[in-house]
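Notes for the one structure printed next.
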């Protein structure tokens, strides 16, 4: 059942579409620098010692849990109260302000660093829920795959720009400069989206009223859409294959360092290389999306990821692993945009923010089983290679579920 004030069919102009893509360029600075720079610094300097990894893990898990739980509810409020854009702006400002506050942290500020890190990640991840919800309003269904891939391509360019700015600042020892540059890139690139994206239609409902209606609507949507077909089957498939993707990406650096002996400098080069191949993947999939359905492309990409996992088993040299990482980067850039477009094709008008909240819930909670499986097998067998190979099961299960999933008519 569509929310009150359901949006009309997509009529956004090219400027709104460019502004939407530009937001991805900006927030990618956070996506690449928060885990690489802040995560390492918080674990080793702010916390220090053997407790650092556990503290960083708790920080990430707490923020992801908050987004996973609040995403569908906030999405329902946004759909019913017509405050989607205001929540996008508010969460973006919250995330950037928390990043700027990192400059006040020093050794031993464990609790303050935890709070600021959680706020920053909640701002980033929460804003993405409402950012994604604009896709069905910007272009008709047949163009959603193209625009989604184009935005991801801009995002990978933004990641490279952020790395290019951050590396000299880190070498000079000016860590505060990294936080300033990150926030400026995010906010400046977000500004056009705040002006150009379609305005919410007024519903005459207060936020408090929308919270009541939204909570009831979220539960109804969960029963009617998430537990039913075709949205429910797709979200289940997304839960499994994104668990595989996120686990591979999360442990790739650890595998490269511990199993293959990559140095820190080589790891930075690896990260930059993955961003380049991800950009290529997003650009290629944008062309293919004009001629093929998102589900068709997604099935092919899952086969590609199964090949990546298998190839990692045979990668015994740094050169071989670099080639596999390049293939994984290509798959990363293409599967994220295609998965978003496939979800957008299944959402009824007026429930975009609410259902993309459930999409975020599945994406964030999906990063639970994979790390447990990888870590458990690696510890039990004393070898990371069987653990990597086992991750292929997530892609196989996701592919099997997706094959039986249909998209809803819009």
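In my numbering, the protein residues as written are 58 to 467.
Backbone N, C-alpha and C fix where the C-beta goes; we use that ideal spot for every residue, glycine too.
- The beta carbon of residue 369 lies closer than 6 Å to those of 381, 445 in the same chain, with the five residues before and after it left out.
- Bounds of the alpha helix (DSSP H) holding residue 81 are 71-90.
- Taking the Cα positions, residue 206 is about 36 Å away from residue 230.
- Residue environment for residue 108: exposed (fewer than 16 other C-beta atoms within 10 angstroms of its C-beta).
- Rounded to the nearest angstrom, the gap between the Cα atoms of residue 159 and residue 226 is 15 Å.
- Counting every other CB atom within 10 Å of its CB across the protein chains shown gives residue 351 a total of 16 or more, marking it as buried.
- Between the segment 181-192 and the segment 290-303 there are fewer than three inter-stretch CB-CB distances shorter than 8 Å, so the stretches are not counted as touching.
- For residue 219, same chain residues with a beta-carbon under 7 Å away, outside a window of 5 residues either side, are 85, 86, 89, 90, 239, 242 in chain order.
- Following the DSSP letters along the chain, one finds residue 403 in no alpha helix (DSSP H), marked with neither H nor E.
- Taking a C-beta distance under 8 Å as the contact criterion, residue 417 and residue 234 do not qualify as a contact pair.
- At a Cβ-Cβ threshold of 8 Å, residue 104 and residue 178 do not count as neighbours.
- Membership of residue 457 in the alpha helix (DSSP H) is indicated by the continuous run 449-460.
- Cβ neighbours of residue 372 within its own chain (closer than 7 Å, five residues either side excluded): 378, 381.
- Taking all protein chains in view, the Cβ of residue 193 is crowded by 16 or more other Cβ atoms within 10 Å, so the residue is classified as buried.
- The beta-carbon distance between residue 387 and residue 313, rounded to whole angstroms, is 17 Å. This is too long to meet the 8 Å contact definition.
- Annotated three-state conformation of residue 442 is helix, per DSSP.
- In the DSSP assignment, residue 231 falls outside any alpha helix (DSSP H), carrying neither H nor E.
- Contact between the segment 198-217 and the segment 147-164 is absent, with fewer than three C-beta pairs closer than 8 Å.
- Sorting 306, 144, 237 by C-alpha distance to the C-alpha of residue 256 places 144 at the top.
- The Cβ atoms of residue 141 and residue 190 lie closer than 8 Å to each other.
- Residue 401 is positioned such that its CB atom lies no closer than 8 Å to that of residue 74.
- Excluding sequence positions up to five before and after residue 83, its CB lies within less than 8 Å of the CB of 215, 242, 243, 244, 245, 246, 247, all in the same chain and listed in chain order.
- Within the same chain, Cβ atoms closer than 6 Å to the Cβ of residue 148 are found at 180, 183, 184, the five residues on either side in sequence being excluded.
- C-alpha of residue 152 to C-alpha of residue 176: approximately 6 Å in a straight line.
- In this model, residue 385 and residue 122 are separated by some 27 Å (Cα to Cα).
- Counting along the chain, no alpha helix (DSSP H) covers residue 162, and no H or E run does either.
- Per DSSP, the continuous alpha helix (DSSP H) segment holding residue 192 begins and ends at 192-195.
- A direct Cα-Cα distance of roughly 6 Å separates residue 427 from residue 304.
- Around the beta carbon of residue 197, fewer than 16 other beta carbons sit within 10 angstroms, so the residue counts as exposed.
- Within the same chain, 441 come within 6 Å of residue 316 by CB-CB distance, once the 5 residues on both sides are set aside.
- The three-state secondary structure of residue 182, taken from DSSP, is helix.
- Taking C-beta atoms under 8 Å as the contact rule, residue 449 and residue 366 qualify, at a distance of about 4 Å.
- DSSP places residue 225 within a helical segment (H, G or I) once states are collapsed to three.
- Membership of residue 369 in the alpha helix (DSSP H) is indicated by the continuous run 351-371.
- The residue among 294, 188, 354, 223 with its C-alpha nearest the C-alpha of residue 254 is 188.
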